[in-house]
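So the protein sequences, as listed, match chains Y and C.
Residues in the first sequence are numbered from 1 upward in steps of one, following UniProt numbering.
Residues in the second sequence are numbered from 1 upward in steps of one, following UniProt numbering.
Don't be surprised by glycine CBs; every beta carbon is placed ideally from N, CA and C.
Note that the structure is a prediction, hence the values are computed from the model and not measured.
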Amino acid sequence: MNLRQRNERRLAWLLCAPAVTVLIGVIVYPILYAVWLSLFRYDLRFPEQRVFVGLDNYVSILTSEVWWQALGNTLILTIGSVSIELLLGFILALIMHHTLFWRRAVRAAMLIPYAMITVVAAMAWKFAFDPTTGFIDALLDREQAWLTQRGSAFLVIILTEVWKTTPFMALLLMAGLTLVPHELIQAARVDGANAWQRFIKIVVPTMKPVILVAVLFRTLDAFRIFDTVFILTRGAQNTETVSMVGYNTLLVSLNLGLGSAVSVLIFVGVLIISIVFIKGFGTPTGRRGEIDS
Amino acid sequence: MKLLTKVRLILVLAIIGGMLSSGCSRQKGEAIPLLNWYVFNEPSGAFSMAARQCSEASQGAYQVELIPLPADTDQQREQLVRRLAAGDTAIDIIGMDVIWTAEFAQAKWILPWTGHVAEQAKAGRLAAPLQSATYQNQLWGAPFTTNAQLLWYRTDRINTAPETWDEMIHLAETLGKTGIIQAQGERYEGLTVFFISLLASAGGSVLDESGTRISLAQEPTLFALSVMARLANSVAADRNLATAREDQTRLAFESGNASFMVNYTFVWPSAQENTPEIAEHIGWARWPAVIEGKPSRFAIGGINLAVSAYSLHPELAFQAAACIASVRHQQRAAELGGLPPTIAALYDDPKVREIFPFADVLHSTLRDAVLRPQTPLYNDVSLAISRILHPMRAIDPQRDVVRLRDAITRALNSEGLL
């Protein structure tokens, strides 16, 4: 390394320093602090009784049926909503991509649910499915209290999530569609491939990196689902998610140690999902080489 | 003359200035101290009336401002503890649910009542509500309102009220289609109350006398769990039992399909207003016993008035709280809001008896009442109970005694998740 290179490297570090400092302050420090707190029995109501307990909090969470139940619920919601979103998102993306008229208006209209605050959207769905004030029962001509049973409550939560975040998926996928070279499609058409074959053999493989990124983003989001469930059922009917367990332990029980341990475990969950996607499915992380490969 | 007008003008300006500053600033010495009273949103206006009248009676010593909290107890607690844990000075008086006393006192969020105001707060109070405001031999709140469930039944279908749960379930099963018993079986605080009342009626308790160790004696616990399982698996149970709270059971009873209901006293004015034709045939009795000949013991509700440890005017807050919890305002709360008083003598007051025709049954219920466990970890204990026992139809007494003991022990050690 010559002098010039070294100087440039130093300059680069100096230029990055402010951003790195801010990131350390708002991301790294809180994460490390949460990990540290999770090693204590520490109740905010009785701060003087703080004791170091090592990994006890983790043992207690991982042997608790509450945690595994919540994890199961979260996975049902995540897989349920993300798979429907992917399907619907693709359809919407294709519609947006192929619209000839009012392209902007169509795209804007599809994005409206995504622009809405989640709490407001969840409230709207709650009212819609309410047996006395809602229109869904009247529409389907039945009398069902949707949110009082586990199965139907899950259905409503998933539908709300799907309605709310499909536009996000569609937007990412639409950006992917523009990456598909027009000549390839034309060539396939000349070779006699029908629309379905063109979609499966050309569009999807070309878009694979984009699809994976979109699914990864949504999976991470859905795994941390909180507000929709909080508004719709508050965790009743066994619909509690891991984030709600964290909220209840931290903010209702004021149990900082146990609550931090739950948060750390959620973080580990997110980490595992990311590793599976990036290493397992080869989701690109933004570096050039990987997108091209 | 000119000088006089000038003096007058200055005086007028000074007075106006004084009025303005007293209106918008609390820092000035002469301003009336503002006391914020955080309490559930009481719809009849009895609480705001008490706040106003006590402020007026104080002759400018303090001004009580009502800050309404949500109707749901859990949500009230959530808002309060978050503020108290952060040392919020804007809370002066707390409408404290009877189950929070130990937690708030142990966390040093509230001040103990001593001296003259303590005497005022204790005067003429029923034993159980007074006990609910007491923790480690100190008074932490002025008992304000209380509440207990009674057994409500249809006098046109049943001649005499059943005395035990077994008798009632049996009776209901023979009634056919209308033989439904309305009870609260949702996974929430109400289920915990149901269990603790059954347990106490069978002679047991969740914690031992020290209040720190688990009791749950085998025999009474088995009795209580058997009643729950029998009720839930009987044809006499409503099919919505697993999601029923107080209000759902009230509505179901008002629809006329049920013949029995265990519920709080608010169902009485409600039935009279919504379904007078059914209200005519509503009878009341003590909550059913678990063991024949042994009167039931119900775990009471209600609120006590506590003074926040972070209040800027604790002395005034004690005075104001004592005033709000006084006979006059308890009577008003009963008349307007239907909230049962904690002062024993009021159960013989003609006005109160008019509102509560069941005053004697309620009074005797309150005399035999028990408290939910007085532990700082009550919230966790309650969650453990309601989680293990929901849904009631899946209860297996032998197995669940062990699960229950396990879950409560974890809760008492602050180590279980919820």
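Check	Outcome
Residue 413 of chain C to residue 195 of chain C span [Cα, whole Å]	21 Å
Best match in C:241, C:189, C:167, C:222 for proximity to residue 183 of chain C [C-alpha to C-alpha]	C:241
Burial state of residue 158 of chain Y, where buried means 16 or more other Cβ atoms lie within 10 Å	buried
Where the beta strand (DSSP E) containing residue 154 of chain C begins and where it ends	150 to 154
Whole beta strand (DSSP E) elements within the stretch 71 to 158 of chain C, 3-residue minimum	93 to 97, 142 to 147, 150 to 154
Assumed close pair residue 333 of chain C, residue 145 of chain C - CB separation to whole angstroms, cut-off 8 Å	6 Å
Residue-chain proximity (residue 411 of chain C, chain Y), Cβ-Cβ < 7 Å	no
Nearest residue (CA-CA) to residue 210 of chain C, options C:232, C:373, C:93, C:312	C:373
Within chain C, the residues that residue 252 of chain Y reaches when beta carbons sit closer than 7 Å	78
Chain Y within 7 Å of residue 407 of chain C, Cβ atoms only	no
Residue span of the beta strand (DSSP E) that contains residue 282 of chain C, given as start and end	282 to 285
Closest by C-alpha distance to residue 273 of chain Y, when choosing among Y:31, Y:256, Y:224	Y:224
4-residue-minimum alpha helix (DSSP H) runs that sit fully inside the stretch 354 to 412 of chain C, ordered along the chain	359 to 367, 378 to 388, 397 to 412
With 16 other Cβ atoms within 10 Å as the buried cut-off, status of residue 187 of chain Y	exposed
For residue 49 of chain C, three-class secondary structure by DSSP	helix
Below-7 Å beta-carbon distance, residue 309 of chain C vs any chain Y residue	no
DSSP bridge partner residues for residue 304 of chain C (one or two, in chain order)	C:96, C:143
Residue 206 of chain C to residue 42 of chain C span [Cα, whole Å]	31 Å
Chain-ordered residues of the stretch 116 to 145 of chain C with a beta carbon less than 8 Å from chain Y	none
Whether residue 127 of chain C touches residue 324 of chain C by CB criterion (7 Å)	no
Proximal residues of chain C, C-beta to C-beta of residue 43 of chain Y below 8 Å	414
Cβ-based burial, residue 288 of chain Y [other Cβ within 10 Å; buried from 16]	With a pLDDT of only 47 at residue 288 of chain Y, under the threshold of 50, the placement of this residue in the model should not be trusted, and no figure is reported.
Continuous beta strand (DSSP E) stretch holding residue 69 of chain C: start and end	63 to 69
For residue 215 of chain C and residue 208 of chain C, the rounded distance between their alpha carbons	5 Å
Complete alpha helix (DSSP H) runs within the stretch 245 to 276 of chain C (minimum length 4 residues, chain order)	246 to 254, 267 to 274
Entirely enclosed alpha helix (DSSP H) segments - the stretch 158 to 241 of chain Y, minimum 4 residues	182 to 190, 195 to 198, 204 to 223, 227 to 232
Start-end ranges of the beta strand (DSSP E) lying completely within the stretch 297 to 354 of chain C, minimum 3 residues	301 to 307
Simplified DSSP state of residue 254 of chain Y, which is helix, strand or coil	coil
Meets three-Cβ-pair contact criterion under 8 Å: the stretch 237 to 246 of chain Y and the stretch 62 to 71 of chain Y	yes
Cross-chain neighbours of residue 380 of chain C in chain Y, by beta carbon under 9 Å	253, 255
CB contact flag (residue 203 of chain C, residue 221 of chain C, <7 Å)	no
Coil, strand or helix - residue 249 of chain Y by DSSP	helix
Three CB pairs or more closer than 8 Å across the stretch 189 to 196 of chain Y and the stretch 206 to 213 of chain Y	no
Environment of residue 317 of chain Y [buried if 16+ CB atoms lie within 10 Å]	This structure does not reach residue 317 of chain Y, given that chain Y is present from 1 up to 293, and the question cannot be answered.
Residue 132 of chain C burial status per 10 Å Cβ neighbour count (16 or more: buried)	buried
DSSP three-state assignment for residue 235 of chain C, whether helix, strand or coil	coil
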